[in-house]
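As structure tokens, the structure follows; a few thoughts come after it.
Numbering (this note's numbering), first residue to last: -16 to 554.
Here it is, written out as structure tokens:
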């Protein structure tokens, strides 16, 4: 395992304040199993239901297998598992043997998986034989020879029989005995517990190392400040490999003995049925999830009787959506954070609804937030700058990449997010966008997310994203990628500009180029993959005439090619 980066004075402070302790995630798991053995912990939409005691038994069996193949403390166990209860079983099994959890997104290709496994020096890999039209067994076997550390592959053959001689999870569960608690392996609370992959909006994903103390602090105070108790029931539709799903979908409920309900693939109508059936009290995910839920509530005249609040992350939450949710009895609260500094800023459900408009809320207890200029000097509230955070939740480095670590995590423990924001005198943060979201047009800095907010209100557009388009004269021009509503067949740039003129939107925010695609590429957490759009635009520009940027829409004939480039595929 790589050397971790922790500031000694901050470590002493966190221990003195009680934010960091001696207990590991496994210690907290034991406590919950002892107190809530017969209480349901995990329910998924495939019909699987596990109490704390039942899941402990299953995880113990998998842990026995891990020990039998020589897994040692701090070895990395990687897996690509959908939003299934098996994800939780494997995660707890890793804790029982002191291994590091490394969940990988289902959207990652063979080359990306190979890169991550080599980065983490993974000893074991688990995945389904088949899922969502993808042969994952074939995928991992095709790259196994490229990963020297990988010794064992375990297949989940729920949906399709295996084709290789690899062992299956089903066989393990029927052939091994559950590990005795005295044989479990304890590690230090400052050891790495998980390596979570970053969203990868700017290129290759990085592996963010998080310790037991990082994760425990984050979720203890997350639960505390949101008022979440053992009686609450969480609905999790977001992938469990990201911080949202892993921290808030597994660890947060586990720490307090509450229950989580999983949906393997988000469908809003089914989600409403599931939440009503299980009496879910809160949920969290990307903004598009709650958008679809509210749409179904409105159109189908259904009611979510138990849902008290929904936490939105990954994108700015429109004011209209907040008001609409409030009318249905749901408090829609924006949250802000990242894999490296797990959601540490949020609006509390008991705060005034007006606070949600234009703000992601304020920092949680124990976390410091400041706004800095380009020279990393702190600036006063009301000024635009980069969001920087320091606290017991902040990661301890990127595995295998000290250079990348040192660029964003300084020696005093401050994490530089790369996100632009403005704060008010009360400490509330308004996230404006990424530093890299700035379009420099003729020397003027224009925020692409600001422009997006204008374009998103155009009645014919379902989804959109704005990026900078290289230009020899001005440096960059404004390019809008849009997805049209189902009933709309076409859209010309002139129509969009007429709308913006009518709405009295300043001309400096008007798009100068328009591209229409089937789907905006996003990460699992809802962030736009602008690096893919930039690559796509470069390809288009290379084959378009010089006059195309002046307003001609040249996209219609390229729909099939877009799919091949991954722009129309699920992120």
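In this text, a Cβ means the ideal position worked out from N, Cα and C, and glycines have one as well.
- Taking C-beta separations shorter than 6 Å and ignoring five residues to either side along the sequence, residue -2 has no partners in its chain.
- Contact check for residue 235 against residue 228 fails: the beta carbons are separated by 8 Å or more.
- Contact annotation: the region 348 to 358 touches the region 370 to 379, with at least three C-beta pairs closer than 8 Å.
- Contact between the region 432 to 444 and the region 461 to 480 is present: 3 or more CB-CB pairs across the two stretches fall below 8 Å.
- With respect to the C-alpha of residue 149, the residue from 181, 344, 111 having the closest C-alpha is 111.
- Taking the Cα positions, residue 129 is about 27 Å away from residue 154.
- Taking a 10 Å sphere around the C-beta of residue 61, we find 16 or more other C-beta atoms and assign the residue as buried.
- In terms of CA proximity to residue 449, 511 leads the group 486, 440, 511.
- The beta carbon of residue 145 sits closer than 8 Å to those of 112, 120, 138, 151, all from its chain and outside the five residues before and after it, given in chain order.
- Residue range 68 to 79 is occupied by the alpha helix (DSSP H) that includes residue 71.
- Here the C-alpha atom of residue 179 lies approximately 7 Å from the C-alpha atom of residue 322.
- Beyond the five residues adjoining it in sequence on each side, residue 364 comes within less than 8 Å, by CB distance, of 354, 405, 406, 407, 408 in the same chain, given in chain order.
- For residue 18, same chain residues with a beta-carbon under 7 Å away, outside a window of 5 residues either side, are 240 in chain order.
- If the five residues before and after residue 108 are omitted, its C-beta is found closer than 7 Å to the C-beta atoms of 61, 62, 100, 123, 133, 136, all from its own chain and listed in chain order.
- In this chain, residue 286 is not harboured by any beta strand (DSSP E), its DSSP state being neither H nor E.
- Pairing residue 66 with residue 246, the inter-Cα distance amounts to about 6 Å.
- Secondary structure at residue 112: coil, using DSSP grouped into helix, strand and coil.
- The shortest C-alpha to C-alpha distance from residue 80 to any of 68, 170, 34 is the one to 170.
- Note that the C-beta distance between residue 237 and residue 11 is below 8 Å.
- The three-state secondary structure of residue 313, taken from DSSP, is coil.
- A distance below 8 Å between beta-carbons, with the five flanking residues on each side excluded, links residue -6 to the following residues of its chain, in chain order: 3, 173.
- In the three-state reduction of the DSSP assignment, residue 34 falls in the strand class.
- When DSSP assignments are scanned along the region 453 to 520, the uninterrupted stretches of alpha helix (DSSP H) that are 4 or more residues long and fall wholly within it turn out to be 476 to 485.
- With 16 or more neighbouring CB atoms inside 10 Å of its own CB, residue 497 falls in the buried class.
- A Cβ-Cβ contact shorter than 8 Å links residue 252 with residue 279.
- In the displayed model, residue 91 falls within coil according to three-state DSSP, outside both helix and strand.
- Taking a C-beta distance under 8 Å as the contact criterion, residue 324 and residue 398 qualify as a contact pair.
- Residue 323 sits in coil when the DSSP states are folded into three classes, being neither helix nor strand.
- Residue 193: member of the beta strand (DSSP E) spanning 190 to 194, first to last residue.
- For residue 73, the number of other beta carbons within 10 angstroms of its own is at least 16, and it is reported as buried.
- The Cβ neighbour count for residue 160, taken over all protein chains shown within 10 Å, is under 16; the residue is labelled exposed.
- Note on geometry: alpha-carbon atoms of residue 68 and residue 94 lie some 27 Å from one another.
- In the assembly as shown, residue 212 is an exposed residue. Its beta-carbon has fewer than 16 other beta-carbons within 10 Å.
- Secondary structure at residue 387: helix, using DSSP grouped into helix, strand and coil.
- Each of 118, 203, 190 was checked against the Cα of residue 8, and the nearest Cα belongs to 203.
- For the pair residue 431 and residue 312, the Cα-to-Cα distance works out to about 33 Å.
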